[in-house]
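This report concerns only the one structure given below.
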Amino acid sequence: MKNIVLLGFMGTGKTGVGRQLAQDLGREFVEMDALIEEREKTTINDIFAEKGEAYFRALECEIARQLAARQGLVVSAGGGVVLNRSNVQALEESGILICLQAAPEEIYRRVVRETQRPLLRGSDPLAKIKALLDFRKPYYDKIKLQLDTTGKSIQQVVEEIKRLIR
Ligand code: S3P
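For the sequence shown, position 30 matches number 29 in numbering that gives the first Met the number 0, and the numbering has no gaps at all.
Here it is in structure tokens:
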């Protein structure tokens, strides 16, 4: 049974949707960031602060390969997983990839109160979101199945994914 892998920018709903989808389908849910934190016994914030982004990206790469070797999972991937083409290729071999999208203003509303996103720190997170989305657009666009979550509830998105993968 293929994995279902949710990709997309921060705040597009990967974790909330993934958890609900896994429950509905009776599958195991795994979040890449949580696996990285477990492995390093610290938070994503601290990994970025103490070891840097390159170190985090290398871990992400390793976890992507480990998950690609498993089956039947619902995976919530970190927002930057698509930046490395080989991550996408590995996950694609054993999984159906779905890229979630959302409007920048909605992403901002969803993440503004959270403090666990080192890349969105600074005085103008909305501008940061827009700039990162712009830069990453070609990477996200490469994923065939796309789903806009703007203005939708978790359950609505879950139902749309069920239809997409049927
Ligand atoms: C990142 C997204 C985060 C986390 C890290 C970097 C990114 O995951 O992996 O902060 O580069 O987009 P979420 O997309 O789950 O927030």
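Positions of the beta carbon are idealized from the N, C-alpha and C atoms, including for glycine.
Counting Cβ pairs closer than 8 Å, one from the segment 106–115 and one from the segment 55–68, do we hit at least three? no
Could you have a look at residue 113 and say whether DSSP puts it in helix, strand or coil? Translated into positions along the sequence shown, residue 113 becomes position 114. Of the three classes helix, strand and coil, the one that applies to residue 113 here is coil, per DSSP.
Cut-off 6 Å between Cβ atoms - residues of its own chain near residue 14, not counting five sequence neighbours on either side: Working through the sequence shown from its first residue, we reach residue 14 at position 15. The answer, listed in chain order, is 30 and 75.
Using a Cβ-Cβ cutoff of less than 6 Å, which residues in the same chain neighbour residue 70 once the five nearest sequence positions on both sides are dropped? As a working note, residue 70 is residue 71 in the sequence shown. Once the five neighbours on either side are set aside, the close Cβ partners of residue 70 are 0.
Between residue 9 and the ligand S3P, is the CB less than 7 Å from at least one heavy atom? What you label residue 9 is simply residue 10 of the sequence shown in a count that begins at 1. Yes, the ligand S3P has a heavy atom inside 7 Å of this Cβ.
Ordered along the chain, which non-local residues of its own chain (more than five positions away) have a Cβ less than 6 Å from that of residue 17? Locating residue 17 in the sequence shown gives position 18, counting from the first residue. Correct list, in chain order: 5, 28, 73 and 75.
Closer than 7 Å: is that where the CB of residue 13 sits relative to any heavy atom of the ligand S3P? The residue you call residue 13 lines up with position 14 of the sequence shown. It does: the Cβ of residue 13 is within 7 Å (strictly closer) of some heavy atom of the ligand S3P.
Is any non-hydrogen atom of the ligand S3P found closer than 7 Å to the C-beta of residue 20, if you look at the structure I gave you? Within the sequence shown, residue 20 is the residue found at index 21, counting from 1. It does not: the Cβ of residue 20 is nowhere closer than 7 Å to a heavy atom of the ligand S3P.
Kindly list the residues whose CB is nearer than 7 Å to the CB of residue 92, restricted to its own chain and excluding five residues on each side of it in sequence; keep chain order. For the purposes of this step, residue 92 is taken as residue 93 along the sequence shown, with counting starting at 1. The residues are 67.
Measuring only the C-alpha atoms, how far is residue 102 from residue 19? Position 103 of the sequence shown, counting from 1, holds the residue named residue 102. Position 20 of the sequence shown, counting from 1, holds the residue named residue 19. Whole-angstrom Cα-Cα distance: 22 Å.
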